[in-house]
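Here the protein sequences line up with chains R and E, keeping their order. Numbering follows my numbering, with no gaps: position 105 of the first sequence is 105. Numbering follows my numbering, with no gaps: position 73 of the second sequence is 322.
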Amino acid sequence: MKSAISCKNIIKRFGEHTILKNLSIEIPKGKITTILGYSGAGKSTLMKHFLGLVKPTQGSLTVLDQNVPTLSDDELRKFRKRFGMLFQYAALFDSLTTYENIAFPLKEFTDLNKNEILERVKELLTAVGLNEDSLYKLPSELSGGMRKRVGLARALALKPEILLYDEPTTGLDPITTKMVNDLITTTGRTENTTELTSVIISHDIQATLKISDYIAFLEKGEIIEFSPTEEFKNTTHPTIRKFLDLTTH
Amino acid sequence: MLAIKNVFNKFFEIVGENVLSKLEGIGSFATHFFSIMYWTFKSPYRIKLFIDQLYFIGNKSLFIVALTSLFSGMVITYQTYIGMKVMGAYTLVGPIVVLTIAKELAPVFSAIIVTGRCGAAMAAEIGTMKVTEQIDALEVMGISSRQYLGVPRVWATMVALPLLNLVFLFVANVGSWFVGVELLGIEEAKYYAKLKEFVDFNVLLEGLIKAGVFGYIVGLIGTYHGFKVQGGAEGVGKGTNAAVVWGMIVILILDYFLTSLLVRLLYDYGV
C-alpha cells in the first residue's frame, strides 16, 4: 500500500528535551489513521512535522512525495494547500461569518467568482450536514458541534489530499461526538474522496476504534504499536492494554 | 566561605538569566521587524486589509485626538501667556504654542492616544487569535500570519498617525487662537504676524516625520505583543498591557533621539 506520509528514524529535540525518539511510521494513502497517546507523548509535535511547521532534528520525512524538511518557506506554503485541518476548537475566524470562513481559502487560492464561491460554500455546508440558515451567522452564534462542522467544511474547501484532525471530539457531548465521528468516517470514505488520507490525533479510544482503519500508539516520542484496527484491539503490549482497559471501562 | 560563594553564584545566575531573557526579547522583536519588512514587499498585497485598518485606527482615535488637542492647545496658551506677560512678550504666545504643539505635543500625544486605543486593540485581537488557534489555521492554509495580520496594521498605523497629527495640530491651534485672541485679548494681527515670523514648513515636517516613525513603532509593538501571547485569557491581558506600556515608553525615549536627529537635518541651529 502506498504511503501518504513516511517518517523514518525521526528525532526531534527542543533544547535538552527529546520529544520524538527515532520515530518511524508509514501512514497509508486513502485511509483513516489515528495516532493515540497520552498527553505530552509528542502527538501534536508529530502533526506539526507533517505540515512542515517543525523540522526534525534528524531523520527523513516524506509527505505526498515531498521531502518536507528540505522545502523552502515559499514551497512549504504551497505544499500546505494540499492539507486541510480541523482544529480542536475549530479555530474559525471569529470576526467572519460561516460563509466568509468557508469561502476564505477559496478567495485566497482560487480564481472562482463570487457566485461560484457561494455555490461551493453551500455544497460544502450540505456535505457537513448544515443548512443555509447558518450561512451568515458568526461563530459565536453557533454551537460547538456546528462550529466543528463549519471548520470541517473550511478544511475541505480546497479538496485536500490529507485531512488532519486535532482532538476532534474533545470537549463535546456524546451526541455531538457521535455526529463528528460519523462526519469523519463519511468524509474519509466518500467515493469521490477515496484519495483522501485522514490523520487523527486523539486520546478518545472508543471513537478511535470505531472510525479508524489504522491505529498508531505514541509513547514518550516513540511509536510502540502501529497496526490495522482489528489487530490493535488484540495487542498484548502492556502500556496499550492498560490504556485500552482504562478508557473502555 | 561556601555560603558567600553560593550567594555570588545565585547573584550571577539571576543577572545572567535576566540578561539572556532581555537579549532574547530584543532578538525576537528584531525578527518581528524583519519579518514585517520582508512580507511587506511580497505579494499578495493586502490593500483592502490596509484600508480597513487605516479606517479603524483613524476613526477610533479621531474624536479623542480632537478633544485632547483642543484642551491641550487652550491650556498651553493660557500658561504661556501668564509666563510671557511677566516679561512683556505676550505676542510670542502664538508661535511658542504652535512650535510646542507642532514639534512635540501633536506627534507624542497622538502616538500615545493611538497606543492606548489601537496598539492595545491590535495586541488583544492578534493575541486572542493566537490562543484560539486562528493564527495556526492561517499558517496551515499556507498564509503568512505576519503578512495577513501584521503588515496591514503596522503600515496603517504609520499612515494614520501623521493624519491624526495634522488633526491634532489644527484643533489645538483653534483652541490656542480662541484662548489667546478671544479670551486673553492678544491682538489678532500681532498673533498672526508672529506666527508667520517663527513658524515655517520645516516645523510641520518635523512633526509629521515623528508621527510617521511613532506610528510604525506603535504598530510594530502592538502586533509583536499580539503574536507573542501565550496561554489563555491571562496571556492576552499581559500582551495587551505590555503593548501599551512598551509603546508609551519607546515613544518617549525615541522622541529625544528623533528630535536631536531632525534638528540637525532640518534646521541650522548649530547644535
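Ideal Cβ positions, reconstructed from N, Cα and C, are used throughout, including at glycine.
To the nearest angstrom, how far is the alpha carbon of residue i from that of residue j?
i: residue 6 of chain R; j: residue 222 of chain R; result: 15 Å
i: residue 74 of chain R; j: residue 84 of chain R; result: 18 Å
i: residue 23 of chain R; j: residue 47 of chain R; result: 13 Å
i: residue 89 of chain R; j: residue 472 of chain E; result: 24 Å
i: residue 21 of chain R; j: residue 63 of chain R; result: 19 Å
i: residue 476 of chain E; j: residue 493 of chain E; result: 15 Å
i: residue 105 of chain R; j: residue 327 of chain E; result: 58 Å
i: residue 297 of chain E; j: residue 288 of chain E; result: 16 Å
i: residue 191 of chain R; j: residue 401 of chain E; result: Its pLDDT being 44, under 50, residue 191 of chain R is placed unreliably by the model, and nothing is read from it.
i: residue 4 of chain R; j: residue 196 of chain R; result: 9 Å
i: residue 500 of chain E; j: residue 360 of chain E; result: 7 Å
i: residue 384 of chain E; j: residue 12 of chain R; result: 23 Å
i: residue 382 of chain E; j: residue 79 of chain R; result: 20 Å
i: residue 156 of chain R; j: residue 143 of chain R; result: 20 Å
i: residue 240 of chain R; j: residue 214 of chain R; result: 15 Å
i: residue 486 of chain E; j: residue 219 of chain R; result: 35 Å
i: residue 255 of chain E; j: residue 265 of chain E; result: 15 Å
i: residue 99 of chain R; j: residue 71 of chain R; result: 33 Å
i: residue 133 of chain R; j: residue 140 of chain R; result: 15 Å
i: residue 404 of chain E; j: residue 243 of chain R; result: 52 Å
i: residue 86 of chain R; j: residue 183 of chain R; result: 12 Å
i: residue 229 of chain R; j: residue 34 of chain R; result: 9 Å
i: residue 94 of chain R; j: residue 138 of chain R; result: 7 Å
i: residue 513 of chain E; j: residue 322 of chain E; result: 27 Å
i: residue 256 of chain R; j: residue 484 of chain E; result: Here chain R covers residues 1 to 249 and nothing more, so residue 256 of chain R does not appear.
i: residue 17 of chain R; j: residue 273 of chain E; result: 19 Å
i: residue 153 of chain R; j: residue 128 of chain R; result: 6 Å
i: residue 57 of chain R; j: residue 42 of chain R; result: 14 Å
Using the three-state DSSP reduction, which class does residue i fall into: helix, strand or coil?
i: residue 182 of chain R; result: helix
i: residue 252 of chain E; result: helix
i: residue 28 of chain R; result: strand
i: residue 113 of chain R; result: coil
i: residue 22 of chain R; result: strand
i: residue 440 of chain E; result: helix
i: residue 38 of chain R; result: coil
i: residue 162 of chain R; result: strand
i: residue 237 of chain R; result: coil
i: residue 169 of chain R; result: coil
i: residue 98 of chain R; result: helix
i: residue 33 of chain R; result: strand
i: residue 191 of chain R; result: Summary for residue 191 of chain R: the model assigns pLDDT 44, below 50, so the residue's position carries little reliability, and this model does not support an answer.
Considering just the uninterrupted stretch of the beta strand (DSSP E) at residue i, what are its terminal residues?
i: residue 224 of chain R; result: 222-228
i: residue 430 of chain E; result: Where residue 430 of chain E is concerned, there is no enclosing beta strand (DSSP E), given that its DSSP letter is neither H nor E.
i: residue 215 of chain R; result: 214-219
i: residue 84 of chain R; result: 83-86
i: residue 13 of chain R; result: 3-14
i: residue 68 of chain R; result: Residue 68 of chain R -> no beta strand (DSSP E), and no H or E assigned at all.
i: residue 63 of chain R; result: 58-63
Can you tell which of the options has its C-alpha closest to the C-alpha of residue i?
i: residue 395 of chain E; options: E:291, E:257 and E:501; result: E:291
i: residue 19 of chain R; options: R:3, R:94 and R:55; result: R:55
i: residue 406 of chain E; options: E:252, E:435, E:324 and E:311; result: E:311
i: residue 445 of chain E; options: E:469, E:474 and E:344; result: E:344
i: residue 303 of chain E; options: E:411, E:273, E:332 and E:350; result: E:411
i: residue 300 of chain E; options: E:398, E:416 and E:419; result: E:398
i: residue 421 of chain E; options: E:463, E:352, E:383 and E:485; result: E:352
i: residue 308 of chain E; options: E:268, E:413 and E:480; result: E:413
i: residue 59 of chain R; options: R:116, R:51 and R:8; result: R:8
i: residue 282 of chain E; options: E:468, E:456 and E:488; result: E:468
i: residue 418 of chain E; options: E:465, E:354, E:474 and E:514; result: E:354
i: residue 159 of chain R; options: R:198, R:242 and R:227; result: R:198
i: residue 67 of chain R; options: R:116, R:172, R:81 and R:52; result: R:52
i: residue 515 of chain E; options: E:269, E:333 and E:451; result: E:451
i: residue 356 of chain E; options: E:295, E:458, E:447 and E:293; result: E:458
i: residue 511 of chain E; options: E:462, E:435 and E:470; result: E:462
i: residue 408 of chain E; options: E:387, E:460, E:416 and E:456; result: E:460
Going by DSSP, what residue range makes up the alpha helix (DSSP H) through residue i?
i: residue 200 of chain R; result: Run containing residue 200 of chain R: none in the alpha helix (DSSP H); it sits in the beta strand (DSSP E), 197-202.
i: residue 292 of chain E; result: Taken as a continuous stretch (DSSP letters only), residue 292 of chain E belongs to no alpha helix (DSSP H), as it is neither H nor E.
i: residue 91 of chain R; result: Counting along the chain, residue 91 of chain R falls outside any alpha helix (DSSP H), and DSSP gives it neither H nor E.
i: residue 47 of chain R; result: 43-51
i: residue 422 of chain E; result: 400-426
i: residue 489 of chain E; result: 482-515
Touching by the beta-carbon criterion (3+ pairs, under 8 Å), the segment 376-393 of chain E and the segment 506-514 of chain E
Note that the segment 376-393 of chain E does not touch the segment 506-514 of chain E; fewer than 3 beta-carbon pairs, one per stretch, sit closer than 8 Å.
Are three or more beta carbon pairs between the segment 202-219 of chain R and the segment 159-179 of chain R nearer than 8 Å?
Proximity of the segment 202-219 of chain R to the segment 159-179 of chain R meets the contact definition, three or more beta-carbon pairs being nearer than 8 Å.
Given 8 Å, three or more beta-carbon pairs between the segment 121-132 of chain R and the segment 92-104 of chain R:
yes
The segment 426-441 of chain E / the segment 363-381 of chain E touching (three or more Cβ pairs under 8 Å):
They do not touch, by the three-pair rule.
Quick one: any contact between the segment 423-438 of chain E and the segment 335-343 of chain E, if contact means 3 or more CB pairs under 8 Å?
The answer is yes - the segment 335-343 of chain E touches the segment 423-438 of chain E, with three or more Cβ pairs under 8 Å.
Inspect the CB distances between the segment 270-286 of chain E and the segment 372-389 of chain E and report whether three or more fall short of 8 Å.
no
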